[in-house]
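K.L.:
Take a look at the following structure, please.
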Amino acid sequence: MKSLVVLLAAFIILLSQLSYSTEASSYEENKKVPAKIFSPFYLKLLEEIKKSLYEKLVEMSPPKKNTLQMSYGGNYKENNTIDEKKEQAVYNGSIFNWTFMIYIDGDNNLCNYASKKLNELLKIRKNGFAIIILYDGDKYNDSCIYSITDSVKRINQSEVNMGSGITLKNLISFAKSNYSAKHYFLEIWGHGNGWMGVAFDKTNRDYLTLKEIKNAINEVDIVSFSACYMGSIEVAYSLKSKVNYFIAPEGAMLANGLPYERIFERLNFSANPENVARIIVEEYADYYAHTSTNFAAWNMSNITELVTLINNFSSSINKSLIKQARNASSISPKYVDLYKFAQFFDNEIAKEVMKAINGTIIAKFGNMHGIEIYCPLPQYYSNSYSYTDFSLDTNWDELL
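FYI, in this note's numbering the residues of the sequence shown are -9 to 390.
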């Protein structure tokens, strides 16, 4: 039975190859583009038959170890296997000092920037560092996993849902299983909207929620967001027990993202998490010196104390002054700079909040103070805000 299925699969694949031409790019090998030999109807029929035969073969095959399960755009999932022996041979040492996990969501209008970021990362080599990239562009089935150690390996290719927490969790699990390290860094790159979500996937009409990110992350030293409005107290507080350092923009993020070539030139094998966080912000500041963006690194050990002070502060605020305070500290119709907002009231509890902000931020760039908070104009308020961890543990939403 299996032999018959294999023969049928081989015939269908051979037939379908006649309907394709090969087109190469700088980061994709053997990307298939339809030619005009068969009509679209027959092309689609061939693809459906191939898919059915493949699924039948998978059912008949024995289970394999070290599989990376990725979420697809439809209601089905596929296990993409990785050659365990091949991957173990990537690095001769028993452990890396750092494994960088880069989650690049270009399945939207940022695709061109995403591919540039990918190409920048593919040039980097650093002894003692592993870079694992999950990339998704705006074309169907263009998702890839790359590993960068002493060489570059394209490990996996499939269409993934970057807006699914399962996808993020599986990337982290895969990186830790195959590239174990003393320290782990995670960057989420894409469109962001603060506590409302990040990594908006156009194909799947999905995005990562704070809850999904929180559930996906496990023992990561640094989490960094190259996405707009992710430098908020709400985002950081949801990850307080998950990471040691938090890096994100306050307000908008420039689409070019982090200058990784500069960053890795400065990193050394023994770099600890605080040094890495500082270097990232310093190199960002140097690279974007002539822009008006804001970027900061937080020490998460201080976040609980800061939130307690914010809660006390929110209970002391005269609601009639909120509009004026918002105008004095606004960075968008939805967010304000927390330090400037507190500074407007200039009372003792406000000063304690300002002091705690300075104690939390270990490095920053821009004319803001590193931490934003949701304080929208009335027409922009969302009732969903009351379900965030920050709102559940404070009175801030009641103030709004």
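The C-beta atom is built at its ideal place from N, Cα and C for all residues, glycine as well.
Everything numeric in this text was worked out from a predicted model, so none of it was measured.
Per DSSP, Pro239 forms a beta bridge with which residues?
P.N.:
DSSP output for Pro239 lists Phe285 as bridge partner(s).
K.L.:
Does the separation of the CB atoms of Phe175 and Val266 fall below 8 Å?
P.N.:
In contact: Phe175 and Val266 (Cβ atoms closer than 8 Å).
K.L.:
Assuming Glu362 is part of the beta strand (DSSP E), what are its boundary residues?
P.N.:
From DSSP, the beta strand (DSSP E) with Glu362 extends over 362 to 364.
K.L.:
Look at the alpha carbon of Glu251 and the alpha carbon of Leu367, and state the distance between them as a whole number of angstroms.
P.N.:
Going by the C-alpha atoms only, they are around 40 Å apart.
K.L.:
In chain order, what are the residue ranges of uninterrupted beta strand (DSSP E) at least 3 long that sit wholly in the region 99 to 174?
P.N.:
Here the runs fully enclosed are 119 to 126, 134 to 138, 142 to 147.
K.L.:
Between which two residues does the beta strand (DSSP E) containing Tyr325 stretch?
P.N.:
Start and end: 325 to 327.
K.L.:
Any chance the region 344 to 364 sits against the region 286 to 293, with 3 or more Cβ pairs inside 8 Å?
P.N.:
With a cut-off of 8 Å, the region 286 to 293 and the region 344 to 364 count as touching, because enough Cβ pairs lie within range.
K.L.:
Mind checking Phe90: buried by the 16 CB within 10 Å criterion, or exposed?
P.N.:
With 16 or more other Cβ atoms within 10 Å, it is buried.
K.L.:
If you reduce the DSSP assignment to three classes, tell me which class Lys232 lands in.
P.N.:
Here Lys232 sits in coil by DSSP.
K.L.:
With a 10 Å radius around its C-beta and 16 neighbouring C-beta atoms as the bar for buried, classify Ala279 as buried or exposed.
P.N.:
Classification for Ala279: exposed.
K.L.:
Suppose contacts are defined by Cβ-Cβ distances below 8 Å. Is Gly241 in contact with Asn183 by that definition?
P.N.:
Not in contact: Gly241 and Asn183 (Cβ atoms no closer than 8 Å).
K.L.:
Return yes when the Cβ of Tyr364 is within less than 8 Å of the Cβ of Ser141, no when it is not.
P.N.:
No, Cβ-Cβ distance for Ser141 and Tyr364 is not below 8 Å.
K.L.:
For the putative contact between Ile162 and Ala206, defined by C-beta atoms under 8 Å, what is the C-beta separation to the nearest angstrom?
P.N.:
The pair is a contact, with the Cβ atoms about 6 Å apart (cut-off 8 Å).
K.L.:
Are the region 230 to 239 and the region 186 to 200 in contact at 8 Å, needing three or more beta carbon pairs?
P.N.:
Contact fails: fewer than three Cβ-Cβ distances are below 8 Å.
K.L.:
Enumerate in chain order the residues of its own chain whose CB-to-CB distance from Gly127 is below 8 Å, with the five nearest sequence positions on each side excluded.
P.N.:
Here the set comprises Gly96, Asp97, Cys101, Ala104, Ser105, Ser133.
K.L.:
Does DSSP put Met220 in a helix, in a strand, or in coil?
P.N.:
Correct three-state label for Met220: coil.
K.L.:
Just to confirm my understanding: we take Asn131, look at its own chain, exclude 5 residues before and 5 after, and list those with CB closer than 8 Å. What are they?
P.N.:
Closer than 8 Å at the Cβ level, and outside the excluded window around Asn131, lie Gln147, Ser148, Glu149.
K.L.:
How far does the beta strand (DSSP E) with Asp97 in it extend, from its first residue to its last?
P.N.:
That residue, Asp97, is in no beta strand (DSSP E); it is neither H nor E in DSSP.
K.L.:
I'd like to know whether the C-beta atoms of Phe331 and Ser319 end up nearer to each other than 8 Å.
P.N.:
Against a cut-off of 8 Å, the Cβ pair of Ser319 and Phe331 comes out as a contact.
K.L.:
Asn183 by DSSP, collapsed to three states: which one?
P.N.:
Asn183: coil per DSSP, three-state reduction.
K.L.:
Between which two residues does the beta strand (DSSP E) carrying Ile347 extend?
P.N.:
No beta strand (DSSP E) holds Ile347; the alpha helix (DSSP H) holding it covers 338 to 350.
K.L.:
Spatial neighbours of Arg316 within its chain, please: CB distance less than 7 Å, with the 5 preceding and 5 following residues excluded, ordered by chain position.
P.N.:
Same-chain partners within the cutoff: Val326, Cys365.
K.L.:
With a Cβ-Cβ cutoff of 8 Å, do Leu200 and Thr378 count as a contact?
P.N.:
Yes, the pair counts as a contact, with Cβ atoms nearer than the cut-off.
K.L.:
In three-state DSSP terms, what is Met290?
P.N.:
The answer is helix: DSSP assigns Met290 an H, G or I state.
K.L.:
Specify, as a first and last residue, the run of the alpha helix (DSSP H) that Phe254 falls within.
P.N.:
250 to 256 is the span of the alpha helix (DSSP H), which, as asked, contains Phe254.
K.L.:
Alpha carbon to alpha carbon, what distance is there between Asp211 and Gly356?
P.N.:
Their Cα atoms are separated by approximately 24 Å.
K.L.:
Round the Cβ separation of Ser304 and Trp179 to the nearest angstrom and send it over; I've been treating them as touching at under 8 Å.
P.N.:
With 8 Å as the limit, Ser304 and Trp179 do not qualify as a contact, their Cβ atoms being about 32 Å apart.
K.L.:
Are Glu338 and Leu299 close, meaning C-beta to C-beta below 8 Å?
P.N.:
Contact: no.
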